[in-house]
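Enquirer: FYI, the numbering for the sequence shown is 11 to 250, going by our numbering. Glycine included, C-beta positions come from ideal geometry on N, C-alpha and C. These numbers were taken from a predicted model, which means no experiment stands behind them.
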Amino acid sequence: MINKNSPVPIYHQLEEYIKQQIENGILKEEAIIPSEREYAQMFQISRMTVRQAINNLVIEGYLKRQKGRGTFVNRKKVEQELQGMTSFTEDMRSRGMSPSSTLLSFQIIPADNKTALNLKVEENESVYKIKRIRLADGSPMAIETAYIPVKLVPGLTEANSNLSLYQYIEDNLSLSISEATQEIEASNAGSLEAETLEISIGDPLLLIKRISYLQDGVPFELVKSAFRADRYRFIHTMKR
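#1: Just list the residues that DSSP pairs residue 206 with in beta bridges.
#2: Out of 47, 54, 227 and 207, point me to the one whose CA is closest to residue 148's CA.
#3: Out of curiosity, what's the CA-to-CA distance linking residue 47 and residue 79?
#4: Taking the straight line between their C-alpha atoms, what separation do you get for residue 145 and residue 98?
#5: Pull up the DSSP beta-bridge partners for residue 80, would you.
#6: How is residue 172 classed by DSSP in three states: helix, strand or coil?
#7: If contact is defined by three or more beta carbon pairs under 8 Å, each pair taking one atom from either stretch, is the stretch 134-145 in contact with the stretch 158-171?
#8: Check the C-beta distance from residue 113 over to residue 171 and give it rounded, since I have them as a contact under 8 Å.
#9: Could you tell me which residues DSSP puts in a beta bridge with residue 237?
#10: Closest to residue 72 by CA distance: which of 39, 101 and 58 is it?
#11: Okay, do the stretch 59-73 and the stretch 16-31 touch, 3+ Cβ pairs below 8 Å being the bar?
#12: For the beta strand (DSSP E) containing residue 41, name the first residue and the last one.
#13: Indicate the three-state DSSP secondary structure (helix, strand or coil) for residue 13 in the structure shown.
#14: Would residue 11 be called buried (16 or more neighbouring beta carbons within 10 Å of its own) or exposed?
#15: Does DSSP put residue 117 in a helix, in a strand, or in coil?
#16: CA-CA distance, residue 154 and residue 169?
#17: For residue 20, which residues of its own chain have a beta-carbon under 7 Å away from its beta-carbon, when the five flanking residues on both sides are left out?
#18: Count the other C-beta atoms from every protein chain shown that fall within 10 angstroms of the C-beta of residue 189, then say buried if there are 16 or more, exposed otherwise.
#19: Which residues does DSSP list as the beta-bridge partners of residue 109?
#20: Starting from residue 192, trace the beta strand (DSSP E) in both directions and tell me its first and last residue.
#21: Do you know whose CA, among 42, 196, 16 and 166, lies nearest residue 85's CA?
#22: Comparing C-alpha positions only, which one of 165, 33, 151 and 121 sits nearest to residue 217?
#23: So, helix, strand or coil for residue 36, using DSSP?
#24: Between residue 230 and residue 122, what straight-line distance do the alpha-carbon atoms span, to the nearest angstrom?
#25: Let's see if you can read the secondary structure: which residues bound the alpha helix (DSSP H) around residue 125?
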């Protein structure tokens, strides 16, 4: 399994060995992996080599360390194609996962200048501000804050705001959703994000700003989300 005469570095061979064990289900999600000492003895290699392999797999998101407990197999990342427009609920269901939300706050507030510009409404016009935790199979994936013009989407309440917004708009209001623009950037978790998303302070996040439009080009939603980078990744196919 480890060929010391191969031109491929030993740490890389160990990485591939561990990856195969994860992908083949031998090492299951959330399972603790053997210690550095155990791997070193198993393959008769140095612990420094083992440490390098494990560090690389932590960076790649295959493994995660828990202080005082050991190194564990990470949960698989949810992949989203940057093509087509789906809600979080639709996206999780398409992957066979159970989506849910925990509502943190539901308010009607006057739009500030930036929100008004993004939604093309007058400053101080009433908008819903809905903040919630997005979960997949009970695991927190993102903190989401949505701003929606009250005049465009009447009838939202604290009770129905925790359901699929897109389904409410299309089924209850008979409006057609057309497209969205997204901006994605990297960040790190502060204390609030870390506590809410069950991660450590400083862990990587994907910050996403999304503006969604109706068929007539009118923006109906501004969403700002902080996704766990260890659980979510975006894929974009480009053609020349």
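Expert: By the coordinates alone:
#1: One-based indexing of the sequence shown puts residue 206 at position 196. According to DSSP, residue pairing for residue 206 in a beta bridge does not occur.
#2: Sequence index remark: in the sequence shown, residue 148 carries index 138 (1-based). Taking only the C-alpha atoms, the option nearest residue 148 is 207.
#3: As a first step, residue 47 must be located in the sequence shown, where it is residue number 37. As a first step, residue 79 must be located in the sequence shown, where it is residue number 69. Going from the Cα of residue 47 to the Cα of residue 79 covers about 15 Å.
#4: As a first step, residue 145 must be located in the sequence shown, where it is residue number 135. As a first step, residue 98 must be located in the sequence shown, where it is residue number 88. Near 9 Å, if we compare the C-alpha coordinates of residue 98 and residue 145.
#5: For the purposes of this step, residue 80 is taken as the residue at position 70 of the sequence shown. DSSP, once it has assigned bridges, lists 76 as partnering residue 80.
#6: By 1-based counting over the sequence shown, the position of residue 172 is 162. Residue state, collapsed to three classes: helix.
#7: Result yes; three or more Cβ-Cβ pairs closer than 8 Å.
#8: As a working mapping, residue 113 is identified with position 103 in the sequence shown. As a working mapping, residue 171 is identified with position 161 in the sequence shown. With a beta-carbon spacing of about 7 Å, residue 113 and residue 171 fall inside the 8 Å limit used to define contacts.
#9: Taking the sequence shown and counting its residues from 1, the one referred to as residue 237 is at position 227. 152 and 216, per the DSSP bridge assignment.
#10: Taking the sequence shown and counting its residues from 1, one reaches residue 72 at position 62. Closest option to residue 72, Cα to Cα, is 39.
#11: Counting Cβ pairs under 8 Å, three or more are found: they touch.
#12: By one-based count along the sequence shown, residue 41 stands at place 31. From DSSP, residue 41 is part of no beta strand (DSSP E); its letter is neither H nor E.
#13: Position 3 of the sequence shown, counted from the first residue, corresponds to residue 13. Three-state DSSP puts residue 13 in coil, outside helix and strand.
#14: The sequence position of residue 11 within the sequence shown is 1, counting from 1. Exposed is the call here.
#15: In the sequence shown, residue 117 corresponds to position 107, counting from 1. DSSP places residue 117 in the strand class (E or B) of the three-state scheme.
#16: Locating residue 154 in the sequence shown gives position 144, counting from the first residue. Locating residue 169 in the sequence shown gives position 159, counting from the first residue. Going by the C-alpha atoms only, they are around 17 Å apart.
#17: Position 10 of the sequence shown, counted from the first residue, corresponds to residue 20. So the list reads 12, 14, 55 and 59, once near-sequence residues are dropped.
#18: Along the sequence shown, read from residue 1 onward, the residue named residue 189 stands at position 179. Residue 189 should be labelled exposed.
#19: For the purposes of this step, residue 109 is taken as residue 99 along the sequence shown, with counting starting at 1. Beta-bridge partners of residue 109 (DSSP): 146.
#20: One-based indexing of the sequence shown puts residue 192 at position 182. Counted as a single uninterrupted DSSP element, the beta strand (DSSP E) harbouring residue 192 occupies residues 187-198.
#21: Position 75 of the sequence shown holds residue 85. Out of 42, 196, 16 and 166, 42 has the C-alpha closest to the C-alpha of residue 85.
#22: If you number the sequence shown from 1, residue 217 lands on position 207. Closest option to residue 217, judged by alpha-carbon separation, among 165, 33, 151 and 121: 151.
#23: Against the sequence shown, residue 36 aligns to sequence position 26. DSSP places residue 36 outside both helix and strand once states are collapsed to three, so it counts as coil.
#24: If you number the sequence shown from 1, residue 230 lands on position 220. If you number the sequence shown from 1, residue 122 lands on position 112. When the Cα atoms are used, residue 230 and residue 122 turn out to be separated by approximately 16 Å.
#25: Counted from its first residue, the sequence shown places residue 125 at position 115. Taken as a continuous stretch (DSSP letters only), the alpha helix (DSSP H) holding residue 125 covers 123-129.
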